Amino acid sequence: MTVRAVVFDVGGVLERVDEEGAWLSSWQRRLGMSEPDFADALHQVDPEEQIHVGGLTEAQFRRRYADALGLTGTQTEEFMQDLWDWYCGELDERMATFVAGLRPRYATAILSNSADGARREEQSRYRLGDLVDMIVYSHEVGMAKPDPRVFALTCERLGVGPEACVLLDDAEANVEAARAFGMQAVLHEDTQRSIDAVTALLAE
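What follows is the structure in structure tokens.
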């Protein structure tokens, strides 16, 4: 079937994001904590991994970070700023240009495993909401990749069947799950190769 819609991941695809350990290790040193103690403290913040499905508000995980790490008010502000700077990374301008150029011929969307506050931060930094037709943030819909239900929801909102939709994602598990659901999917490893791969699917 002819492709009618293209869906993009954010972190690692539209945004270049460093390894999480880089900024966290600087806080470990700053707080004078051992690696095991620091890791244990971070685990206390979201032990059931509910942040991506809306189980924690930004205010709640902010408070949990402060309590777990023993942060002062000023440190909490700085920690959250560092967290969002890491989370949003740097916009891949070439990929963003490619995404913008797909409309109006194709419907476009972002599907992101996210946390409360992501819409605000990514819109204020990169205007992602203006780049695509719609954004599906996992924390807002209560489902996260690779759950097939979130692929179904995305296709439903785009008004296309899965076979008419292409997903570009940098997580192999998400790509495999999307394919199992019936979507066409490309594993993102390099900007130009991904653009070429998606373009080839659109040309078929």
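For the sequence shown, my numbering assigns the number 3 to the initial residue and increments by one for each residue that follows. Positions of the beta carbon are idealized from the N, C-alpha and C atoms, including for glycine. Computed from a predicted model, the values in this text were never measured in an experiment.
Presumed contact (8 Å Cβ cut-off) between residue i and residue j, rounded CB distance
i, j, result
"LEU16", "ALA98", "6 Å"
"ASP11", "ASP172", "6 Å"
"VAL101", "VAL134", "6 Å"
"VAL8", "LEU85", "Not really, about 29 Å apart at Cβ, beyond 8 Å."
Cα-Cα separation between residue i and residue j, rounded to whole angstroms
i, j, result
"LEU71", "ARG6", "47 Å"
"GLN52", "LEU58", "6 Å"
"ARG66", "VAL47", "5 Å"
"GLU21", "GLY13", "11 Å"
"ARG159", "GLU191", "27 Å"
"GLU80", "GLU206", "49 Å"
"ARG208", "ALA120", "One cannot answer for residue 208 here, as it falls past the ends of the chain, which runs 3 to 206."
"ASP69", "ARG195", "44 Å"
"ALA41", "ALA109", "42 Å"
"MET136", "VAL200", "19 Å"
Proximal residues to residue i (C-beta, below 8 Å), its chain only, five neighbours per side dropped
i, result
"HIS54", "ASN115, SER116, ALA117, SER140, HIS141, ALA146"
"ALA179", "LYS147, PRO148, ASP149, PRO150, PHE153"
Same chain, Cβ closer than 7 Å to residue i, five either side skipped, listed in chain order
i, result
"ARG18", "GLY91, GLU92, ASP94"
"LEU143", "Correcting the residue type first, residue 143 is Val in the shown sequence and not Leu. VAL152, LEU155, listed in sequence order."
"THR4", "ALA166"
Other residues of its chain near residue i: CB distance less than 6 Å, five sequence neighbours each side excluded
i, result
"ARG151", "MET145"
"GLY56", "HIS141, GLY144"
"ASP184", "First, the amino acid is wrong: residue 184 is Gly here, not Asp. Answer for GLY184: PRO164, GLU165, listed in chain order."
"CYS157", "PRO164, CYS167"
"ILE197", "PHE100"
Residues bridged to residue i [DSSP beta-bridge criterion]
i, result
"ASP39", "Looking at the DSSP assignment, ASP39 forms no beta bridge with any residue, so it has no partner."
"GLU92", "ARG18"
"SER1", "Limits of the chain in this structure are 3 at one end and 206 at the other, which puts residue 1 out of reach."
"PHE10", "ILE112, LEU170"
"ALA187", "LEU169"
Residue i at chain B interface by Cβ criterion, 8 Å
i, result
"TYR89", "Among the chains in the structure shown there is no chain B, since it carries only a single protein chain."
Check: Does the region 123–135 come close enough to the region 74–82 that 3 or more CB-CB pairs lie under 8 Å?
Finding: no
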